[in-house]
Amino acid sequence: MDFQLSEQNKMMKMLFQAFAEEQVKPMAAEVDEEEKFPIENVKKMAENGMLGIPFPEQYGGAGGDILDYVLCVEELSKVCATTGVVVSAHTSLCAAPIFEFGTEEQKEKYLPALLSGEKLGAFALTEPAAGTDAGSQQTKAEKVEGGYCLNGSKIFITNAQYADLYVIMAMTDKAKGTRGISAFVLERDTPGFRIGKKEKKMGIRGSATCELIFEDVFLPEANRLGKEGKGFSIAMKTLDGGRIGIAAQALGIAEGALEETVRYTKQRKQFGRSISKFQNTQFVLADMATKIEAARLLVYRAATLKGEGKAYSVEAAQAKLFASEVAMDVTTKAVQLHGGYGYTREYPVERMMRDAKITEIYEGTSEVQRMVVATNLLR
Amino acid sequence: MKIIVCVKQVPDTTEVRINQETGTLIREGVPSIMNPDDKAAIELALRMKDLKPEICVHVLTMGPAQAERVLIEALCMGADEATLLSDRKFAGADTWATSIALAGAIQKIGADIVLCGRQAIDGDTAQVGPQIAEHLNLAQATYVSDAVLGRGGVFATRKFEDGDYKLELPLPCLLTTLAEEIDVRYMHTHHIVRTMKERKIQLMTADDLKVDQRELGLKGSPTRVKKSVTKSAKSAGICYVDNPEVGVERIADYVKGLNIL
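Same order as they appear, the protein sequences are chains A and B. Residues in the first sequence are numbered consecutively from 166, following this note's numbering. Residues in the second sequence are numbered consecutively from 5, following this note's numbering.
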């Protein structure tokens with residue numbers, strides 16, 4: 166068993182660390198405070214090849230591995246969870262299903278622009294009445310001559326306002342239930358498609374989370390991803406991969422909070438000495454660091470399995486379940502160790518705590534991850 | 005056209021610890037980085053390549069095997085080729101012996117332009133670049149903040165305290181660059197993957213160079229470190245802004261107060 170990062174992983178990490186520290190960190194508080202989508206940094210990430218990391222060079226990707234991509238989301242999320250999820254949603258939820266389930270024509274048409282970062286991607290499954298019960302899709306794609314007519318709406322869509330390409334799930338045959346769902350690629354400027362209300366959120370406030378509205382949107386047959394009726398399966402497999410991205414985001418948030426807390430507890434003096442000298446502080450820090458390391462191993466293992474083409478669905482669920490709960494736990498403790506200052510916006514840990522919560526919810530709640538793990542145990 | 009960029013791996017610290025007995029740097033336990041001025045030199049070379057993709061950017065470093073790391077970083081930024089000049093015979097070299105070895109390697113590889121950082125953060129001598137230029141009889145410009153290729157030469161901007169100097173240098177030439185004036189690019193994921201696949205690093209030893217080996221390493225170094233001292237911090241002092249007559253009186257009073265007059 167090899168717990169080492171490869172030389173390539175190490176160089177990638179060096180790049181992501183420098184980029185996160187110099188470009189992303191200085192913007193993080195503003196991104197949160199002003200609910201500002203970090204568009205300038207998205208452009209800079211595109212220039213440095215960070216929006217197509219785990220895809221082959223033939224489509225304009227970097228040719229890196231899944232662990233390279235995980236390191237990217239992790240390092241970004243250490244300083245700004247919003248920036249982390251922009252990359253995760255674009256890569257795991259839009260580029261990945263097109264790469265894995267698209268025809269050669271679709272890959273050639275969409276991937277180069279997505280992987281170079283010229284275009285940003287999003288994924289739309291959730292609806293007002295179809296959250297965890299994703300099979301209850303109301304958005305319909307009715308067969309018409311030459312393609313489909315799309316009607317309905319999606320909610321809570323990451324990157325929505327800034328995306329150019331969307332992978333959309335819609336019912337093509339309601340009678341067949343989940344087997345009546347199909348996947349489509351939708352381009353931003355398609356007539357009948359518009360962006361609806363923007364959500365006001367607790368955390369990851371810079372990420373543009375919006376409603377998508379479809380009114381008689383015509384989608385040519387060529388835009389259907391995979392076979393008709395295979396959409397639910399495509400969505401579930403896409404989310405398996407997406408969970409690795411969110412687990413990496415959660416890991417990054419926890420690491421960022423620990424770094425801030427180590428620094429703070431060394432500086433903060435009470436009763437005549439640094440609070441890091443107190444055993445209570447030391448024990449809490451030790452627990453935080455240990456949980457982070459356990460989360461890291463789960464996340465990296467899931468990434469490695471996916472990279473090796475092995476089954477990884479259960480491991481991805483375990484990684485996301487554990488890393489997101491560690492993120493919540495570690496950030497809460499970070500705020501506690503910062504005391505009153507931790508509750509203010511003068512220090513970043515309160516933002517990290519708010520950001521951590523979503524990792525227990527999106528791309529499958531912790532309860533869904535437990536269902537995946539338990540189903541595998543009891544089959 | 006070939007541009008050779010000389011880079012150095014240095015300890016990542018502003019507080020370099022020195023072994024008081026030997027007068028040498030203690031490198032153990034200190035992470036190493038690419039010298040910032042040298043990174044600026046790579047950036048200038050890559051900017052020239054951005055405009056003329058046929059330019060080959062070759063990075064050169066002298067050091068032990070682990071110095072390969074800075075070459076890998078340079079390749080990951082977009083450099084085309086790299087050479088590691090490594091041999092026990094180079095060990096303990098001062099700036100003179102270092103510049104002899106680097107000049108020998110540059111002569112062997114062949115270059116139209118040589119770019120060096122102004123100085124390294126571990127030694128701060130700013131001597132190696134100009135010495136290489138002297139050994140190879142190259143036109144040189146130091147403290148360069150910008151440089152572009154012109155017809156048959158290089159237009160360089162030298163940053164001095166009293167202003168900028170614009171120079172035109174014929175080829176071949178050598179420039180030394182300033183980190184604080186040049187925004188350096190990041191590594192690129194595509195270059196990282198390519199670098200790791202190809203590993204285009206050539207190893208060169210003392211025997212590969214047409215130089216007098218007596219001039220290499222510690223033996224060839226005329227510098228002798230007698231003693232190293234850490235400068236003690238000085239206070240900011242007191243500043244009086246007044247006309248000269250009053251000023252002289254105030255200073256005289258102050259000095260009298262110290263009982264040294």
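Don't be surprised by glycine CBs; every beta carbon is placed ideally from N, CA and C.
Quick one: Cα of residue i to Cα of residue j, how far?
i      : j      : result
R162/B : E200/A : 43 Å
G108/B : I46/B  : 20 Å
Q131/B : A459/A : 50 Å
L470/A : G407/A : 14 Å
V152/B : P174/B : 12 Å
S232/B : P15/B  : 18 Å
L232/A : E240/A : 12 Å
E249/B : D166/B : 30 Å
K268/B : L170/A : For chain B, the structure presents residues 5 to 265; residue 268/B sits outside this window and is missing.
A481/A : K204/B : 36 Å
M401/A : L330/A : 19 Å
G342/A : T291/A : 16 Å
K365/A : A476/A : 37 Å
K305/A : V514/A : 42 Å
T530/A : T209/B : 59 Å
K392/A : L404/A : 18 Å
K552/A : F181/A : A question about residue 552/A goes unanswered here, because the residues of chain A that appear run from 166 up to 544.
P221/A : G224/B : 50 Å
Anything in chain B within Cβ reach of residue i, meaning under 9 Å, just list it in chain order.
i      : result
E623/A : Here chain A comprises residues numbered 166 to 544, so residue 623/A is not present and cannot be evaluated.
G228/A : T193, H194, V197, R198, K201
L180/A : C80, Y190, M191, H192, T193, I196
Nearest to residue i by alpha carbon, out of the options?
i      : options                        : result
I346/A : I369/A, L315/A, R519/A         : L315/A
L463/A : A484/A, A211/A, K274/A         : A484/A
A600/A : E307/A, Y327/A, I333/A, G311/A : Nothing about residue 600/A can be reported from this structure: the residues present for chain A run from 166 to 544 only.
M340/B : R155/B, A237/B, L79/B          : With chain B covering 5 to 265 only, the question about residue 340/B has no answer from this structure.
H139/B : T99/B, K12/B, D16/B, D211/B    : T99/B
I117/B : K201/B, L50/B, A240/B          : L50/B
G229/A : Q223/A, V238/A, P219/A         : P219/A
E198/A : T247/A, A260/A, V332/A         : T247/A
L258/A : E292/A, V332/A, G249/A, E310/A : V332/A
K235/B : K12/B, R21/B, G241/B, C10/B    : R21/B
K157/A : A539/A, Q534/A, M517/A, E352/A : Outside the shown range of chain A (166 to 544) lies residue 157/A, about which nothing can therefore be said.
P226/B : N141/B, G96/B, K43/B           : G96/B
G410/A : E172/A, V250/A, G396/A         : V250/A
P356/A : K362/A, R344/A, F383/A, Q173/A : F383/A
A325/A : G361/A, A261/A, R461/A         : G361/A
Y429/A : L502/A, E420/A, V479/A         : L502/A
Q24/B  : N247/B, D246/B, V229/B, Q123/B : V229/B
Between which two residues does the alpha helix (DSSP H) carrying residue i extend?
i      : result
S489/A : 478-507
I113/B : 99-113
L423/A : 396-432
A211/A : 204-212
A194/A : 190-198
L290/A : It is not in any alpha helix (DSSP H) - L290/A carries neither H nor E in the DSSP assignment.
Y258/B : 248-261
L89/B  : First-last for L89/B: 85-89, but that is the beta strand (DSSP E), not the alpha helix (DSSP H).
T446/A : 444-472
List, in order along the chain, the chain A residues whose C-beta lies closer than 8 Å to that of residue i?
i      : result
I205/B : Here the premise fails: no neighbours, minimum Cβ distance about 12 Å.
T294/B : Chain B is shown only over 5 to 265; residue 294/B falls outside these bounds and no answer can be derived.
What span of residues does the beta strand (DSSP E) with residue i cover, start to end?
i      : result
P385/A : 375-385
G317/A : 312-322
A539/A : It is not in any beta strand (DSSP E) - A539/A instead sits in the alpha helix (DSSP H) that spans 531-543.
S281/A : No beta strand (DSSP E) holds S281/A; the alpha helix (DSSP H) holding it covers 269-281.
S36/B  : 36-38
Y234/A : That residue, Y234/A, is in no beta strand (DSSP E); its alpha helix (DSSP H) goes 231-244.
G157/B : 157-164
At 9 Å on the CB atoms, spell out the chain A contacts of residue i, in chain order.
i      : result
M200/B : S171, E172, Q173, M176
I76/B  : E172, M176
Which chain B residues sit within Cβ distance under 8 Å of residue i?
i      : result
F184/A : Y190
I218/A : T193
Give the residues of chain B in contact with residue i, contact being defined as C-beta atoms less than 7 Å apart.
i      : result
N213/A : Y190, H192, T193
Please confirm if residue i has its CB atom under 7 Å from at least one CB of chain C.
i      : result
E198/A : Among the chains of the structure shown, chain C does not appear; the protein chains present are A and B.
- [ ] Evaluate contact between the region 218-236 of chain B and the region 170-187 of chain B, counting only Cβ atoms and requiring at least three cross-stretch pairs below 8 Å.
- [x] No, the region 218-236 of chain B does not touch the region 170-187 of chain B.
TODO: Assess, as a yes-or-no matter, whether the region 507-527 of chain A is touched by the region 32-47 of chain B under the definition of 3 or more beta carbon pairs within less than 8 Å.
DONE: no
- [ ] Examine the Cβ distances between the region 186-203 of chain A and the region 264-273 of chain A and report whether three or more of them are shorter than 8 Å.
- [x] Too few Cβ pairs lie closer than 8 Å, so no.
Open item on the list: Using 8 Å as the cut-off, can you tell me whether the region 404-419 of chain A makes contact with the region 480-498 of chain A, which would need three or more C-beta pairs spanning the two stretches below that distance?
Closed with: yes
Task: Inter-stretch contact (C-beta, 8 Å, three-pair minimum) for the region 139-150 of chain B and the region 246-258 of chain B - done: no
Task: Contact between the region 164-178 of chain B and the region 53-62 of chain B (3+ Cβ pairs under 8 Å) - done: no
Open item on the list: Closer than 8 Å is the cut-off here; do at least three beta carbon pairs connect the region 193-200 of chain B with the region 67-84 of chain B?
Closed with: Output reads yes: the region 67-84 of chain B touches the region 193-200 of chain B.
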